[in-house]
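Before any comments, here is the structure.
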Amino acid sequence: MVILEKPYISDLMLEYLSQYNIPVLANDFARESAKRYQLNLLTDSQMKAEYERNGKIYTTSENALDWIYNNLSNHEIIEKISVLKDKFKFRELLRPMYPDFLYKEVTEEELDEINFEKFNPPFILKPSIGFLSLGVYTIYNRQDLEAAILDIKESKMNWKSNFPNSVIGDSKFILEQYIPGTEYAIDAYYNDGGKPVILNIFTHRFASTTDVSDRVYYTSKEIIDTFKHPFELFLTEANQFLQLKNFPMHVEVRVDGNVICPIEFNPMRFAGLSCTDVAYYAYGIRTIEYFLQNKEPAFSEILKGKEGHLYSLILLDKPDKSIPCSVFNYDKLYNSFENVLELRKVNNPNLDIFGFVFTQTQKKNEKELDYILSSDLYEFCDY
Numbered sequence: 265m266v267i268l269e270k271p272y273i274s275d276l277m278l279e280y281l282s283q284y285n286i287p288v289l290a291n292d293f294a295r296e297s298a299k300r301y302q303l304n305l306l307t308d309s310q311m312k313a314e315y316e317r318n319g320k321i322y323t324t325s326e327n328a329l330d331w332i333y334n335n336l337s338n339h340e341i342i343e344k345i346s347v348l349k350d351k352f353k354f355r356e357l358l359r360p361m362y363p364d365f366l367y368k369e370v371t372e373e374e375l376d377e378i379n380f381e382k383f384n385p386p387f388i389l390k391p392s393i394g395f396l397s398l399g400v401y402t403i404y405n406r407q408d409l410e411a412a413i414l415d416i417k418e419s420k421m422n423w424k425s426n427f428p429n430s431v432i433g434d435s436k437f438i439l440e441q442y443i444p445g446t447e448y449a450i451d452a453y454y455n456d457g458g459k460p461v462i463l464n465i466f467t468h469r470f471a472s473t474t475d476v477s478d479r480v481y482y483t484s485k486e487i488i489d490t491f492k493h494p495f496e497l498f499l500t501e502a503n504q505f506l507q508l509k510n511f512p513m514h515v516e517v518r519v520d521g522n523v524i525c526p527i528e529f530n531p532m533r534f535a536g537l538s539c540t541d542v543a544y545y546a547y548g549i550r551t552i553e554y555f556l557q558n559k560e561p562a563f564s565e566i567l568k569g570k571e572g573h574l575y576s577l578i579l580l581d582k583p584d585k586s587i588p589c590s591v592f593n594y595d596k597l598y599n600s601f602e603n604v605l606e607l608r609k610v611n612n613p614n615l616d617i618f619g620f621v622f623t624q625t626q627k628k629n630e631k632e633l634d635y636i637l638s639s640d641l642y643e644f645c646d647y
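Note that our numbering numbers the sequence shown so that position 45 is 309, with each residue one more than the last.
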C-alpha cells in the first residue's frame, strides 16, 4: 500500500501503481494524480485494513506521515518513525555504536546562548526534526553561527507554511560534530526478518566543504561494488538497536576510511521527490516494486556492462524563487550533458526548482557534473 502526497510524484511511479493495481490512499493528491493514471484508491478504513493484512506501507513524501500518525496510532510503526525523525533521539539510540560522537539538543531560544568555545568547529547545526537540507548549517567560526541563527529566524515561517509539523517538528535544534568523509545515500529496506536489502547507493557530490545543497547525486557500478557489503553490515548492526521490519528508508551516511557514520535515516520512503527513480534509469530497478514484492537486486547480473559510467540525479534548484519556469532554457541544459536519460520539467509553485535531470556520464567526462554543480543556473534563463 502506498500514500502519495504533495509536492511531487513522477509519471514513472504512477505508471507502476496503475499497471499493478497497487492500493493507494484516496487523499486529495492521489485523486488529482488519478486524473492522469487509473489508480486503485482506498478509503482511510480500507487502507487501515490493508495495513493490518500485510504490514507494509510506502510513502512518496514525508508529508504523508500525518496520516500514519493519525490512523495507525496503535501500531509500533509510530514509535519507529518518531525515533528516526528526531535526530537527537536517533543519536541516543545509536550511541552504543558511536560512544565518542558529540551532539547536543537546544531550543531556538537557547541558540543565542550557545557557548561557542565549548564546541570544536567545524560542527553542524540543524533542526532536530527535518528533511532535505532545510536549516542545515556548517559552522566554522562564530560568524557562521551568528549568520545561521539569523537565517533560522528569518526562514522558519516559510518552513512552517510549506511543511507539516510531522516533517519539520518544533523549534528544537541539534548541534553535532562535523562528520568527515564522503557522503553517500542508500535506498534500502528492512524485510520481514529485519534483514537490510540495499536497492541503490549514490554519492552526494558537493561544490565545496561548506556546500550543503542537494544539486548532484550519482551512482555507479564501482560505488555498488565497493560499498554494498560494508553498508549491509552497518545496517545490520544498526538494526540491533532500531529493530525495524518491513520498513523502507533513505539513509544518509559519511564514510571516512573504514568508519561509516550515519547522518540520518529517513523513514517510510526512498529518495524524495521521486529521485529514487535514478535506480531505474541506472539499473532498471523500480525501488518501490522491490520493497512491496520483497525482491532483492541481483547486482552481479545488473551491473554487467556498467563499468566506467556514472548515473546522476541533478536537482535544478532556482537561484531566485521569483524566476518563472517559463524562462528556463531546457534545450540548452539538455545539450550541456553527454547523455540525458530523462529530463523532468517541473512547474510547481510549491517547489523552488525548474526540474530534474537524470544523466549517464562517462567517468572521464565527469567534469560536466562539476560544472552543473557550480553553476547558479542563471546561464540557462532567457530573459
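Note that beta-carbon positions come from the ideal geometry of N, C-alpha and C, so glycine has one too. All of these numbers come straight from a predicted model, not from anything done at the bench.
Reduced DSSP secondary structure (H/G/I, E/B, other) of residue i
{"i": "Lys299", "result": "coil"}
{"i": "Lys631", "result": "helix"}
{"i": "Tyr545", "result": "helix"}
{"i": "Asn530", "result": "strand"}
{"i": "Gln507", "result": "coil"}
{"i": "Asp584", "result": "coil"}
{"i": "Asn334", "result": "helix"}
{"i": "Thr307", "result": "coil"}
{"i": "Gln557", "result": "coil"}
{"i": "Lys596", "result": "helix"}
{"i": "Glu369", "result": "strand"}
{"i": "Arg469", "result": "strand"}
{"i": "Tyr401", "result": "strand"}
{"i": "Ile524", "result": "strand"}
C-alpha distance - residue i paired with residue j, whole-angstrom precision
{"i": "Pro391", "j": "Thr371", "result": "10 Å"}
{"i": "Leu396", "j": "Asn285", "result": "At Leu396 the pLDDT is 46, less than 50, meaning the model places this residue with poor confidence; the figure from the coordinates comes in the next sentence. Rounded to whole angstroms, Leu396 to Asn285 spans 30 Å at the Cα level."}
{"i": "Gly521", "j": "Gly445", "result": "8 Å"}
{"i": "Phe387", "j": "Glu316", "result": "43 Å"}
{"i": "Tyr642", "j": "Val604", "result": "20 Å"}
{"i": "Ile273", "j": "Leu637", "result": "24 Å"}
{"i": "Leu268", "j": "Val347", "result": "22 Å"}
{"i": "Leu615", "j": "Pro271", "result": "7 Å"}
{"i": "Asp646", "j": "Phe620", "result": "18 Å"}
{"i": "Phe511", "j": "Gly319", "result": "9 Å"}
{"i": "Ile630", "j": "Leu463", "result": "In the sequence under discussion, the amino acid at residue 630 is Glu, which differs from the Ile named in the question. The straight-line gap from Cα to Cα measures roughly 24 Å."}
{"i": "Asn304", "j": "Tyr280", "result": "12 Å"}
{"i": "Ser586", "j": "Phe293", "result": "25 Å"}
{"i": "Asp350", "j": "Met513", "result": "15 Å"}
{"i": "Ala412", "j": "Asp456", "result": "42 Å"}
{"i": "Thr551", "j": "Leu357", "result": "27 Å"}
{"i": "Asp475", "j": "Thr307", "result": "43 Å"}
{"i": "Pro287", "j": "Ala298", "result": "12 Å"}
{"i": "Gly433", "j": "Lys609", "result": "Below a pLDDT of 50, predicted positions are generally treated as unreliable, and Gly433, at 48, falls in that range; the measurement from the model is reported next regardless. Looking at the two C-alpha atoms, the distance is approximately 30 Å."}
{"i": "Tyr545", "j": "Tyr554", "result": "15 Å"}
CB contact flag (residue i, residue j, <9 Å)
{"i": "Phe505", "j": "Val515", "result": "no"}
{"i": "Phe495", "j": "Ile465", "result": "yes"}
{"i": "Pro385", "j": "Tyr442", "result": "yes"}
{"i": "Tyr482", "j": "Arg469", "result": "yes"}
{"i": "Lys570", "j": "Tyr547", "result": "yes"}
{"i": "Leu414", "j": "Ile403", "result": "no"}
{"i": "Pro531", "j": "Lys312", "result": "no"}
{"i": "Tyr594", "j": "Gln624", "result": "no"}
{"i": "Val266", "j": "Tyr322", "result": "yes"}
{"i": "Leu580", "j": "Phe534", "result": "no"}
{"i": "Ile438", "j": "Lys382", "result": "no"}
{"i": "Asp541", "j": "Met277", "result": "yes"}
{"i": "Leu409", "j": "Ile378", "result": "yes"}
{"i": "Thr490", "j": "Lys459", "result": "no"}
{"i": "Ala328", "j": "Leu289", "result": "yes"}
Unbroken beta strand (DSSP E) run spanning residue i, endpoints
{"i": "Arg359", "result": "That residue, Arg359, is in no beta strand (DSSP E); it is neither H nor E in DSSP."}
{"i": "Pro391", "result": "387-391"}
{"i": "Gln441", "result": "436-441"}
{"i": "Val288", "result": "287-289"}
Continuous alpha helix (DSSP H) stretch holding residue i: start and end
{"i": "Ser639", "result": "Taken as a continuous stretch (DSSP letters only), Ser639 belongs to no alpha helix (DSSP H), as it is neither H nor E."}
{"i": "Pro513", "result": "Per the sequence presented here, residue 513 reads as Met, with Pro not at that position. Looking at the DSSP string, Met513 is not in any alpha helix (DSSP H); the run it does join, the beta strand (DSSP E), is 511-520."}
{"i": "Ser576", "result": "Premise fails: Ser576 lies in the beta strand (DSSP E), 573-581, not in any alpha helix (DSSP H)."}
{"i": "Val347", "result": "341-349"}
{"i": "Tyr482", "result": "Segment 480-483 is the beta strand (DSSP E) holding Tyr482; no alpha helix (DSSP H) there."}
{"i": "Ile566", "result": "563-566"}
DSSP bridge partner residues for residue i (one or two, in chain order)
{"i": "Gly619", "result": "Leu580, Lys609"}
{"i": "Asn464", "result": "Asp451"}
{"i": "Tyr322", "result": "Val266"}
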